[in-house]
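In my numbering, the protein residues as written are 23 to 453.
All residues carry an ideal CB built from backbone N, CA and C; glycine is no exception.
Notes follow once the structure below has been shown.
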Ligand SMILES: Cc1ncc(COP(=O)(O)O)c(C=O)c1O
């Protein structure tokens, strides 16, 4: 039985409030799936087993709406990882640092991520966690800004790790941390601004912030713009080079599907690299790492943003995962992402009783990332029931249901099915 068929068997019967009925929405989903230029990419992923098992207990077949937290497994990864372990590690052992290209993996994989975030080659390096890269980027930005600038601005609504690390970076560099809502950044900028840390897409609401406009404003004030791309890399065009972003970080386990704990990436704009003064100048960033010198001299280029020995297994899993992007245009991903979130919102409006949820995600396309966040007081309990029925999203305290839409492997029929199951759990009409 196909996923669509299983999903159909478990849906609520129809609309609740005079919107389009479920037959109309199902027909629209079929039409959208048939016209989807990315439909074939789904085959590149392993999907279904565990979610479908949950679905067998009275829910929709697996609908995975949590790729904004942990992307699904690309089919190319298990075999490649087995080869890395058995042959490259098991047989070649230490020779693999050179012969299997382990040593240069951070820059090589960085160059594969670069086009997905609008960066030319030689500016992205992979390694460490997002949190660690936030620290590296912020301290480097403050050092570039010089001693006259004593304020570090951070998105007041940020994912907590960025806020914690910004506070520590401010303490260590003797700057004052100023948390500011993204909408108020323009007014907060001034001659004291050293650096500004912002999220491209808000992790809770799914709001897309104005990266070009805010970067330009930070530059007009003479500061440095550092962007957290965790929720935009692989989901929408970022345009790092085009918009003159200074430094950026992002994780690779969400829309880049690199696997649990996959290493993060750090972008340092080409013309700033010479001034990148790392707060963590490990031996991997040295111009002569095997020279074993007591004195530190940074390598040229983005290599100087490395720290210590790269986590090769995770890193090479990520490299294999990036194969799913072969022939995929990020513009098509964005178009489908917006179509999926539009369609989900339309189904929610048709099936869920009015007033039961509040849509938190902005409706204008220019302000929306690749997720839909819905607020309701019992969100935690609702999400538990949804997951039990095979519709996997996540809950963000205190009251947000979060649904991530990964255009590479998600279709419109299952989006409609997920909305129908959600409506059932929220007291909408059921079969
Ligand atoms: C915006 C943002 N920044 C940072 C992180 C996490 O950082 P790390 O990879 O260090 O756990 C997340 C994780 O979900 C995130 O959403």
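How many angstroms separate the CA atom of residue 385 from the CA atom of residue 107?
Sequence index remark: in the chain shown, residue 385 carries index 363 (1-based). Sequence index remark: in the chain shown, residue 107 carries index 85 (1-based). Each residue's Cα considered, the two are about 46 Å apart.
May I ask whether a heavy atom of ligand 1 can be found less than 8 Å away from the beta carbon of residue 276?
The sequence position of residue 276 within the chain shown is 254, counting from 1. True, at least one ligand heavy atom lies under 8 Å from that Cβ.
Is the closest heavy atom of ligand 1 to the C-beta of residue 181 under 8 Å?
The residue given as residue 181 occupies position 159 in the chain shown. Result yes, Cβ under 8 Å from ligand 1.
Could you tell me the distance, in whole angstroms, from the CA atom of residue 444 to the CA atom of residue 368?
One-based indexing of the chain shown puts residue 444 at position 422. One-based indexing of the chain shown puts residue 368 at position 346. Cα to Cα, residue 444 sits roughly 13 Å from residue 368.
Enumerated in chain order, which unbroken segments of the alpha helix (DSSP H) with a length of 4 residues or greater are wholly contained in the segment 59 to 131?
Entirely contained in the segment 59 to 131, the alpha helix (DSSP H) runs reaching 4 residues are, in chain order, 71 to 77, 98 to 105, 118 to 121.
At the level of alpha carbons, what is the spacing between residue 166 and residue 299?
Locating residue 166 in the chain shown gives position 144, counting from the first residue. Locating residue 299 in the chain shown gives position 277, counting from the first residue. About 8 Å.
Figure out for me which residue from 318, 198, 397, 242 has the closest Cα to the Cα of residue 208.
What you label residue 208 is simply residue 186 of the chain shown in a count that begins at 1. The candidate whose alpha carbon is nearest that of residue 208 is 242.
Which two residues bound the contiguous beta strand (DSSP E) that contains residue 221?
Numbered from 1 along the chain shown, position 199 holds the residue referred to as residue 221. Segment 215 to 221, the beta strand (DSSP E) holding residue 221.
Can you tell me which of the three DSSP states residue 6 falls into?
Missing from the structure shown is residue 6; the chain here goes from 23 to 453 and no further.
Look at the alpha carbon of residue 323 and the alpha carbon of residue 87, and state the distance between them as a whole number of angstroms.
Here residue 323 refers to the residue found at position 301 of the chain shown. Here residue 87 refers to the residue found at position 65 of the chain shown. Cα-Cα distance, rounded: 38 Å.
What is the rounded straight-line gap between the Cα of residue 272 and the Cα of residue 403?
In the chain shown, counting from the first residue as 1, residue 272 sits at position 250. In the chain shown, counting from the first residue as 1, residue 403 sits at position 381. Cα-Cα distance, rounded: 30 Å.
Mark residue 76 as exposed unless 16 or more other C-beta atoms lie within 10 angstroms of its C-beta, in which case mark it buried.
Position 54 of the chain shown, counted from the first residue, corresponds to residue 76. With a pLDDT of only 48 at residue 76, under the threshold of 50, the placement of this residue in the model should not be trusted, and no figure is reported.
Quick check: does the Cβ of residue 225 come within less than 8 Å of any heavy atom belonging to ligand 1?
Mapped onto the chain shown, residue 225 falls at position 203. Yes, ligand 1 has a heavy atom inside 8 Å of this Cβ.
May I have the straight-line CA-CA distance separating residue 333 from residue 285, to the nearest angstrom?
Taking the first residue of the chain shown as 1, we reach residue 333 at position 311. Taking the first residue of the chain shown as 1, we reach residue 285 at position 263. About 8 Å.
How many angstroms separate the CA atom of residue 232 from the CA atom of residue 185?
Position 210 of the chain shown, counting from 1, holds the residue named residue 232. Position 163 of the chain shown, counting from 1, holds the residue named residue 185. If I take the Cα positions, the gap works out to 20 Å.
Check the C-beta distance from residue 11 over to residue 268 and give it rounded, since I have them as a contact under 8 Å.
The first residue shown for the chain is 23 and the last is 453, placing residue 11 beyond what the model contains.
Less than 8 Å separating the Cβ of residue 286 from some heavy atom of ligand 1?
Here residue 286 refers to the residue found at position 264 when the chain shown is read from its first residue. The answer is yes for residue 286.
Quick check: the segment 302 to 310 against the segment 273 to 292, are at least 3 beta-carbon pairs closer than 8 Å?
No: fewer than three Cβ pairs fall under 8 Å.
Bridge partners of residue 198, per DSSP?
Your numbering for residue 198 matches position 176 in the chain shown. Per DSSP, 173.
Would you report the Cα separation of residue 383 and residue 123, rounded to the nearest angstrom?
Taking the chain shown and counting its residues from 1, one reaches residue 383 at position 361. Taking the chain shown and counting its residues from 1, one reaches residue 123 at position 101. Each residue's Cα considered, the two are about 43 Å apart.
With DSSP as the reference, identify every bridge partner of residue 393, one or two as the case may be.
Looking up residue 393 in the chain shown gives position 371. 426, per the DSSP bridge assignment.
Confirm the yes/no value for this check: CB of residue 221, any heavy atom of ligand 1, distance under 8 Å.
Taking the first residue of the chain shown as 1, we reach residue 221 at position 199. It does: the Cβ of residue 221 is within 8 Å (strictly closer) of some heavy atom of ligand 1.
Around the C-beta of residue 177, are 16 or more other C-beta atoms found within 10 angstroms, so that it is buried, or is it exposed?
To locate residue 177, count along the chain shown from 1; it is residue 155. So residue 177 counts as buried.
Exposed or buried, residue 39, counting other C-beta atoms within 10 Å across all chains shown (16 or more means buried)?
What you label residue 39 is simply residue 17 of the chain shown in a count that begins at 1. The pLDDT assigned to residue 39 is 43, lower than 50, so where the model puts this residue is not dependable, and the model offers no usable value.
Return yes when at least one heavy atom of ligand 2 lies under 8 Å from the C-beta of residue 333, else no.
Ligands present in the displayed structure are limited to ligand 1, and ligand 2 is not among them.
Quick check: what's the CA-CA separation for residue 173 versus residue 296?
Looking up residue 173 in the chain shown gives position 151. Looking up residue 296 in the chain shown gives position 274. So the alpha carbons of these two residues sit roughly 23 Å apart.
Given 8 Å as the limit, is there contact between the segment 191 to 202 and the segment 221 to 236, that is, 3 or more CB pairs closer than that?
These segments do not touch.
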